[in-house]
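One structure is given below, encoded as structure tokens.
In full-length UniProt numbering, the protein residues as written are 1 to 271.
See the structure below:
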């Protein structure tokens, strides 16, 4: 049965005050007679046809429970909502969604964690040293001569372990929100390419496993001797055969610190 709008309630009230029967008014508005009867009783008791204030649904958690949930997930961002349901002290019967709602109130939402390489102290020192060495490089005089290259594996089937991290906005790269994982792994189609400020190189499809011999014969022959060539520290790139080829052909190589992670933009929240 449809509810009466505020305008219809005023019209129904006017008809009641004019002496029209409740049943006739109910038929006109296609509602039950009890609806018109309650409307009249409400007006006589309150002097208004507006809905009476309704009691809110009692909150399933106390303020102490909310603090427990917030602190637990702030200390370990990779905990699931269901684990907090089990860990909450006292005789509670909460749903996972209730815990998620409390986390949402604190600005914490489940998102896919940023994957980063495992960095040791030496890795971090090398990065700082590399940054200081190239701090004064400019696009006009230096970076425009650099070709940044890499191979990439495109997985034919992505395997998502449903790992989620509860974090706030702008906490994507916070140390306690990053899921550390090995840089290389998986399988699929491998391609090689390079870019610089002027454009990009030819995309090379690498069949099977790449070796130093194949890297030299299929890829490095494309290297521009007048440019600065960048490559990471993968084994085919640092093999003696590769370094000898680069030296013999006078290809200048940009030194590259190990485990340089590539940063991806933050995406729309999942929920």
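Every residue, glycine too, gets a C-beta built ideally from N, C-alpha and C. These numbers were taken from a predicted model, which means no experiment stands behind them.
Checklist entry - CA-CA distance, residue 211 and residue 147? => result The residue labelled residue 211 in the question sits at position 211 within the chain shown. The residue labelled residue 147 in the question sits at position 147 within the chain shown. Approximately 21 Å, taken between the alpha carbons.
Item to check | Opening and closing residue of the beta strand (DSSP E) in which residue 165 lies | outcome: Position 165 of the chain shown holds residue 165. Where residue 165 is concerned, the enclosing beta strand (DSSP E) stretches over 165-167.
Checklist entry - For residue 229, is the classification buried or exposed, using 16 other Cβ atoms within 10 angstroms of its Cβ as the cut-off for buried? => result Counting from 1 along the chain shown, the entry for residue 229 is found at position 229. It counts as buried.
Checklist entry - Taking DSSP as the reference, what is the three-state secondary structure of residue 263? => result The residue labelled residue 263 in the question sits at position 263 within the chain shown. Since pLDDT at residue 263 reaches only 41, below the 50 mark, its modelled position is unreliable, and the value read off the structure follows with that caveat. The answer is coil: DSSP assigns residue 263 none of H, G, I, E or B.
Item to check | Beta-carbon proximity list for residue 236, same chain, < 8 Å, skipping 5 on both sides | outcome: Mapped onto the chain shown, residue 236 falls at position 236. Same-chain partners within the cutoff: 210, 211, 212, 214, 215 and 242.
Checklist entry - Where does the unbroken alpha helix (DSSP H) through residue 101 begin, and where does it stop? => result Your numbering for residue 101 matches position 101 in the chain shown. Segment 96-105, the alpha helix (DSSP H) holding residue 101.
Next on the checklist: Does residue 237 come out as helix, strand or coil in the three-state DSSP assignment?
Outcome noted: Within the chain shown, numbered from 1, the residue matching residue 237 stands at position 237. Here residue 237 sits in helix by DSSP.
Item to check | Start-to-end residues for the beta strand (DSSP E) that takes in residue 114 | outcome: Numbered from its first residue, the chain shown carries residue 114 at position 114. Run containing residue 114: 114-116, per the beta strand (DSSP E) assignment.
Next on the checklist: Bridge partners for residue 69 per DSSP, in chain order?
Outcome noted: Translated into the one-based positions of the chain shown, residue 69 becomes position 69. None, per the DSSP bridge assignment.
Next on the checklist: Report the CB separation of residue 12 from residue 52 in whole angstroms; it is logged as a contact under 8 Å.
Outcome noted: Looking up residue 12 in the chain shown gives position 12. Looking up residue 52 in the chain shown gives position 52. Between the beta-carbon of residue 12 and that of residue 52 there is about 17 Å, and that puts the pair past the 8 Å contact cut.
Checklist entry - In terms of DSSP beta bridges, what is residue 192 paired with? => result Indexing the chain shown from 1 puts residue 192 at position 192. Note: residue 192 sits in a beta bridge opposite 151 and 204.
Checklist entry - Straight-line CA distance for residue 82 to residue 249? => result By 1-based counting over the chain shown, the position of residue 82 is 82. By 1-based counting over the chain shown, the position of residue 249 is 249. For residue 82 and residue 249, the distance between alpha carbons rounds to 60 Å.
Item to check | DSSP three-state assignment for residue 231, whether helix, strand or coil | outcome: Stepping through the chain shown from its first residue, residue 231 is reached at position 231. It is coil, neither helix nor strand.
Checklist entry - Quick one: Cα of residue 70 to Cα of residue 60, how far? => result Residue mapping note: residue 70 aligns to position 70 of the chain shown, counting from 1. Residue mapping note: residue 60 aligns to position 60 of the chain shown, counting from 1. Taking the straight line joining both Cα atoms gives about 15 Å.
Checklist entry - By a C-beta neighbour count over all protein chains shown, 10 Å radius and 16 as the cutoff for buried, is residue 269 buried or exposed? => result Against the chain shown, residue 269 aligns to sequence position 269. Caution applies to residue 269, whose pLDDT of 40 falls short of 50 and renders its modelled position unreliable; the value that the coordinates give is listed next. Counting Cβ neighbours within 10 Å, residue 269 comes out exposed, since fewer than 16 surround it.
Checklist entry - Where do the ends of the beta strand (DSSP E) carrying residue 110 lie? => result By 1-based counting over the chain shown, the position of residue 110 is 110. Where residue 110 is concerned, the enclosing beta strand (DSSP E) stretches over 109-111.
Checklist entry - What did DSSP end up calling residue 273 once you bin it into helix, strand or coil? => result Nothing can be reported for residue 273, as the shown portion of the chain is limited to 1 through 271.
Next on the checklist: Could you check whether the segment 185-204 touches the segment 114-121, counting it as contact only if at least three pairs of C-beta atoms, one from each stretch, sit closer than 8 Å?
Outcome noted: Counting C-beta pairs with one atom in each stretch, the segment 185-204 and the segment 114-121 have fewer than three that are closer than 8 Å, which means they do not touch.
Checklist entry - With DSSP run on the structure shown, which of helix, strand or coil describes residue 171? => result Counting from one through the chain shown, the residue named residue 171 turns up at place 171. Coil at residue 171, not helix or strand.
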